[in-house]
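K.L.:
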Amino acid sequence: MAKLSVNINKIATLRNSRGGNVPDLLKVAADVQRFGAQGVTIHPRPDERHIKYQDARDLVPVVHTEYNIEGNPVRKFIDLVLEVKPTQVTLVPDADDAITSNAGWDTVKHKSFLQEVIQEFKKNGIRTSIFVDPVPAMVEGAKETGTDRIELYTEAFAHQYGLGNKNGIKPYTEAANVANNLGLGINAGHDLSLDNIKFFKENIPGLLEVSIGHALISESLYLGLENVVNMYLQKLK
75 MAKLSVNINK IATLRNSRGG NVPDLLKVAA DVQRFGAQGV TIHPRPDERH
125 IKYQDARDLV PVVHTEYNIE GNPVRKFIDL VLEVKPTQVT LVPDADDAIT
175 SNAGWDTVKH KSFLQEVIQE FKKNGIRTSI FVDPVPAMVE GAKETGTDRI
225 ELYTEAFAHQ YGLGNKNGIK PYTEAANVAN NLGLGINAGH DLSLDNIKFF
275 KENIPGLLEV SIGHALISES LYLGLENVVN MYLQKLK
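Residue numbers (the numbering used here): 75 to 311.
So this is what it looks like as C-alpha cells:
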C-alpha cells in the first residue's frame, strides 16, 4: 500500500486570508493523522504566503507520522530543514513567484548542486527526494545525485487522464521501472485526486508515497475531511 501524505498548504492559505488562527493548521495536521493519513506535507515558500516558516517548527511535536517538507533549496530553506529535521525533504525547483510547482529538476544540469545539498541533509539523517518529470534521463540523473527517492511530477498525467487519455500514464510507468532498477524509492504528487489516484497507483510499480493537497482539501469541502482521507486510503490499497 502506498502511503498518503496530506499537504496542508491550502489550510494555511485559508487561515492567512483572514489572519488569526482559523482554521487551526496544527489541529488539521493532528486530525488527518487521526483519520489515517500516514504523513503530513508542507511546502513553505520564501514569501510565506501560505505555510509560514514558524508553522514548520510548530508542527514538529504534532506530526507523529512522516513529516515531509518540500521546497526550493535556497539557504533559508536548507537552514529551516536542518533545524526541524523532518522525516523527508523533497527538493522542488520552483521560482519565488511560482503559483505552484510547475516542473521537475534537470538532474543532469544541476547534478553538482543537488549532490551538495543532498549530502548535507543526509549527514543530518533526513531522507531526500527530488521532484522530477517522468523522463528516464532525469531519473538516471537523480540516482547520480545520491538522493533516496524521486517524486514524479504528475500534472501531465492528471491532465491527460481528465481528457480520457489513459495512455498518459505510460511515461510514468517507464520512469518508475527505471527508478526501481536503480534502487530509487518512488513518490508522486501534483493534481492527483480521488478520480485518478487508483488508476495511477495501479500502474506505478513500487509506488511508496503520494503527497496530495489541493484536490484533497477541495474534495473535503463537499465530502468531509475524515471521509476523504479514508477514501484515498481505500484507493491506495
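Quick reminder that beta carbons are idealized off the backbone N, C-alpha and C, glycines included.
Let me know if R123 comes out buried or exposed under the rule of 16 or more other beta-carbons within 10 Å of its beta-carbon.
P.N.:
Against the sequence shown, residue 123 aligns to sequence position 49. That one is exposed.
K.L.:
Using a 10 Å radius around the Cβ and a threshold of 16 neighbouring Cβ atoms, would you call H138 buried or exposed?
P.N.:
Locating residue 138 in the sequence shown gives position 64, counting from the first residue. Answer is exposed; the Cβ neighbour count stays below 16.
K.L.:
Rounded to whole angstroms, what's the CA-CA distance from A172 to E229? Just pull it up for me.
P.N.:
For the purposes of this step, residue 172 is taken as the residue at position 98 of the sequence shown. For the purposes of this step, residue 229 is taken as the residue at position 155 of the sequence shown. Caution is warranted here: a pLDDT of 48 is assigned to A172, below 50, making its placement in the model unreliable, and the coordinate value is therefore given only provisionally. In a straight line, the C-alpha of A172 is about 15 Å away from that of E229.
K.L.:
Which whole-angstrom value describes the C-beta separation of S203 and T164, a residue pair presumed to lie in contact below a C-beta threshold of 8 Å?
P.N.:
Within the sequence shown, the letter at position 129 stands for residue 203. Within the sequence shown, the letter at position 90 stands for residue 164. Their Cβ separation, rounded to whole angstroms, is 4 Å, which keeps S203 and T164 in contact under 8 Å.
K.L.:
Does the segment 242-253 come close enough to the segment 194-201 that 3 or more CB-CB pairs lie under 8 Å?
P.N.:
The segment 194-201, when compared against the segment 242-253, does not touch it at the 8 Å Cβ threshold.
K.L.:
Is it the case that the Cβ atoms of I152 and V206 are separated by a distance below 8 Å?
P.N.:
Position 78 of the sequence shown, counted from the start, is the residue given in the question as residue 152. Position 132 of the sequence shown, counted from the start, is the residue given in the question as residue 206. No, the pair does not count as a contact, with Cβ atoms beyond the cut-off.
K.L.:
Quick check on this structure: which residue in I125, P147 and L226 has the alpha carbon closest to the alpha carbon of F187?
P.N.:
As a position in the sequence shown, residue 187 is number 113, starting the count at 1. The candidate whose alpha carbon is nearest that of F187 is P147.
K.L.:
With DSSP run on the structure shown, which of helix, strand or coil describes N81?
P.N.:
Looking up residue 81 in the sequence shown gives position 7. Three-state DSSP puts N81 in a strand.
K.L.:
In this structure, how does DSSP classify I200 when only helix, strand and coil are distinguished?
P.N.:
Start at 1 with the first residue of the sequence shown, and residue 200 comes out as number 126. In the structure shown, I200 sits in coil (DSSP, three-state: anything other than H, G, I, E or B).
K.L.:
In three-state terms, what does DSSP make of Q162?
P.N.:
For this step, residue 162 is matched to residue 88 along the sequence shown. Of the three classes helix, strand and coil, the one that applies to Q162 here is strand, per DSSP.
K.L.:
Leaving out five residues before and five after K84 in sequence, what residues of the same chain have Cβ atoms less than 8 Å from its Cβ?
P.N.:
Counting from 1 along the sequence shown, the entry for residue 84 is found at position 10. Excluding sequence neighbours, K84 sits near H124, G287, H288, I291 and S292.
K.L.:
Beta carbon of L332, beta carbon of L307: below 8 Å?
P.N.:
Outside the shown range of the chain (75 to 311) lies residue 332, about which nothing can therefore be said.
K.L.:
Would you mind sorting E157 into buried or exposed? The rule is 16 or more other CB atoms within 10 Å of its CB.
P.N.:
Taking the first residue of the sequence shown as position 1, residue 157 is located at position 83. Classification for E157: exposed.
K.L.:
Quick check on this structure: which residue in G263, L268, F273 and T219 has the alpha carbon closest to the alpha carbon of I243?
P.N.:
One-based indexing of the sequence shown puts residue 243 at position 169. Considering only alpha carbons, the answer is F273.
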